[in-house]
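**Q**
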Amino acid sequence: MASDVPPLVLDIDGTLTDEPGRLDPRAFDVLPSWDAPVVLATGKSFPYPVSLCHYLGLERNVVAENGGVVLANGEVTYTGDKERAQAVADEFVARGGDLGWGSFDDTNYWRETEIAVSLAADEKLLREVATEYEMDVIDTGYAYHVKTPGVEKGIGFKRLCETLSMDPDEFVAVGDSTNDTSTFGVVGQSYAVANADEAAKAAADEVLSESYMDGTLSVLESLQE
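Taking the UniProt record's numbering, the leading residue of the sequence shown gets 1, the next gets one more, and so forth.
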């Protein structure tokens, strides 16, 4: 029997969280019982969305590191060039930059295809070094991500859909950042929460009046009506 609700592709930070960045516990009320596939698509390093799927009781359908890592049907694919991203980070530090995460860098410790740098860092220097190494820098509102050109959430999501033999147009997406715009461009319907940046708002089919998890819940509730 076909499901009455569509499959979802959801960002995490700013979308399933509250303003301080904590996972909103209401995610545990609605997502485990969602009667269609749920994909988590995030800029976070690979273990974070995998762990979240585990604790939510979801199938491990994951797009991590802005599309650099994709997991679907137990198959993992990598597209980002971590060595070149690390070379940018090393040169940035050598020129006086600071990644900004302290002595134990849990932001990058498990990251496999890119490097994230604190928003407090010297953006001009970071972009200068990244350009020299032919790498991109995107500002997600949570960090600067040094990533391989052409690697995007939306491309990773399309790859995931191919693995699952699903059409991206079947999905509803919710997000809040410029790194969600590529996902918005390939799904059937997209929503930007009220706290979203201008790029996400411009790319979304609809901008919500509610922020963070309140906005996401408003979408999910409307899809169940």
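By construction, the Cβ of each residue, glycine as well, lies at the ideal position given by its N, Cα and C atoms.
It should be emphasised that the depicted structure is a prediction, and the values quoted were computed from it without experimental measurement.
1. For residue 215, which option in 202, 191, 132 has the closest C-alpha, if you only look at C-alpha atoms?
2. With C-beta atoms as the reference, is residue 66 less than 8 Å away from residue 9?
3. Can you list, in chain order, the residues of its chain whose CB lies under 8 Å from that of residue 138, leaving out five sequence neighbours each side?
4. Applying the 10 Å Cβ sphere with the 16-neighbour rule, what's the burial state of residue 13?
5. Expressed to the nearest angstrom, what Euclidean distance is found between the alpha-carbon atoms of residue 184 and residue 47?
6. Looking at C-alpha atoms only, which residue of 89, 60, 6, 225 is the closest neighbour of residue 108?
7. Would you mind working out which of 6, 133, 164 sits nearest residue 70, comparing C-alpha positions?
8. DSSP three-state call for residue 170: helix, strand or coil?
9. Please go through the stretch 89 to 127 and give each complete beta strand (DSSP E) segment of 3 or more residues, from N-terminal end onward.
10. What is the DSSP secondary structure of residue 41, counted as helix, strand or coil?
11. Excluding five sequence neighbours on each side, which residues of the same chain lie with their C-beta closer than 8 Å to the C-beta of residue 131?
12. Does the Cβ of residue 95 have 16 or more other Cβ atoms within 10 Å, making it buried, or fewer, making it exposed?
13. Reducing DSSP to helix, strand and coil, say where residue 177 ends up.
14. Sorted by chain position, which residues of the same chain lie with C-beta nearer than 8 Å to residue 169's C-beta, five sequence neighbours on each side aside?
15. How would you label residue 31, buried or exposed, when you count the other beta carbons within 10 angstroms and need 16 or more for buried?
16. Under a three-way DSSP split, which group does residue 224 fall into?
17. So residue 113 packs on residue 140, CB below 8 Å; how close in whole Å?
18. Determine the contact status of residue 126 and residue 100, defining contact as a CB-CB distance below 8 Å.
19. DSSP three-state label for residue 152, please.
20. Does the stretch 51 to 63 come close enough to the stretch 33 to 41 that 3 or more CB-CB pairs lie under 8 Å?
21. Quick check: what's the CA-CA separation for residue 207 versus residue 159?
22. Terminal residues of the continuous beta strand (DSSP E) containing residue 51?
**A** Walking through what the data contain:
1. Translated into positions along the sequence shown, residue 215 becomes position 215. Nearest option by C-alpha distance: 191.
2. On the sequence shown, position 66 is the one that residue 66 refers to. On the sequence shown, position 9 is the one that residue 9 refers to. No.
3. The sequence position of residue 138 within the sequence shown is 138, counting from 1. Around residue 138, the same chain offers 66, 144, 145, 147, 178, 179 as residues with beta carbons nearer than 8 Å, after the five sequence neighbours per side are excluded.
4. Position 13 of the sequence shown holds residue 13. By the 10 Å Cβ count, residue 13 comes out buried.
5. Position 184 of the sequence shown, counted from the first residue, corresponds to residue 184. Position 47 of the sequence shown, counted from the first residue, corresponds to residue 47. Cα-Cα distance, rounded: 24 Å.
6. As a working note, residue 108 is residue 108 in the sequence shown. Closest option to residue 108, judged by alpha-carbon separation, among 89, 60, 6, 225: 89.
7. For the purposes of this step, residue 70 is identified with residue 70 of the sequence shown, where counting begins at 1. Minimum Cα distance to residue 70 is reached at 164.
8. In the sequence shown, counting from the first residue as 1, residue 170 sits at position 170. In the structure shown, residue 170 sits in a helix (DSSP, three-state: H, G or I).
9. 115 to 117
10. As a first step, residue 41 is located in the sequence shown; it is residue number 41 there, counting from the start. Three-state DSSP puts residue 41 in a strand.
11. Taking the sequence shown and counting its residues from 1, the one referred to as residue 131 is at position 131. If the five residues before and after residue 131 are omitted, its C-beta is found closer than 8 Å to no C-beta atom of its own chain.
12. Position 95 of the sequence shown, counting from 1, holds the residue named residue 95. With fewer than 16 Cβ atoms within 10 Å of its Cβ, residue 95 is classed as exposed.
13. Within the sequence shown, residue 177 is the residue found at index 177, counting from 1. In this structure, residue 177 counts as coil in the three-state DSSP scheme.
14. Counting from 1 along the sequence shown, the entry for residue 169 is found at position 169. For residue 169, where only same-chain residues beyond five positions count, the Cβ hits under 8 Å are 186, 187, 188.
15. Translated into the one-based positions of the sequence shown, residue 31 becomes position 31. With 16 or more other Cβ atoms within 10 Å, it is buried.
16. Start at 1 with the first residue of the sequence shown, and residue 224 comes out as number 224. Of the three classes helix, strand and coil, the one that applies to residue 224 here is coil, per DSSP.
17. Along the sequence shown, one-based indexing puts residue 113 at 113. Along the sequence shown, one-based indexing puts residue 140 at 140. In fact, because the Cβ distance is near 15 Å, the residues do not count as touching under 8 Å.
18. In the sequence shown, residue 126 corresponds to position 126, counting from 1. In the sequence shown, residue 100 corresponds to position 100, counting from 1. Against a cut-off of 8 Å, the Cβ pair of residue 100 and residue 126 comes out as no contact.
19. Residue 152 sits at position 152 when you count from the first residue of the sequence shown. Correct three-state label for residue 152: coil.
20. The stretch 33 to 41 vs the stretch 51 to 63: in contact.
21. Taking the first residue of the sequence shown as 1, we reach residue 207 at position 207. Taking the first residue of the sequence shown as 1, we reach residue 159 at position 159. Between residue 207 and residue 159, the C-alpha separation is close to 26 Å.
22. In the sequence shown, counting from the first residue as 1, residue 51 sits at position 51. It is not in any beta strand (DSSP E) - residue 51 instead sits in the alpha helix (DSSP H) that spans 47 to 56.
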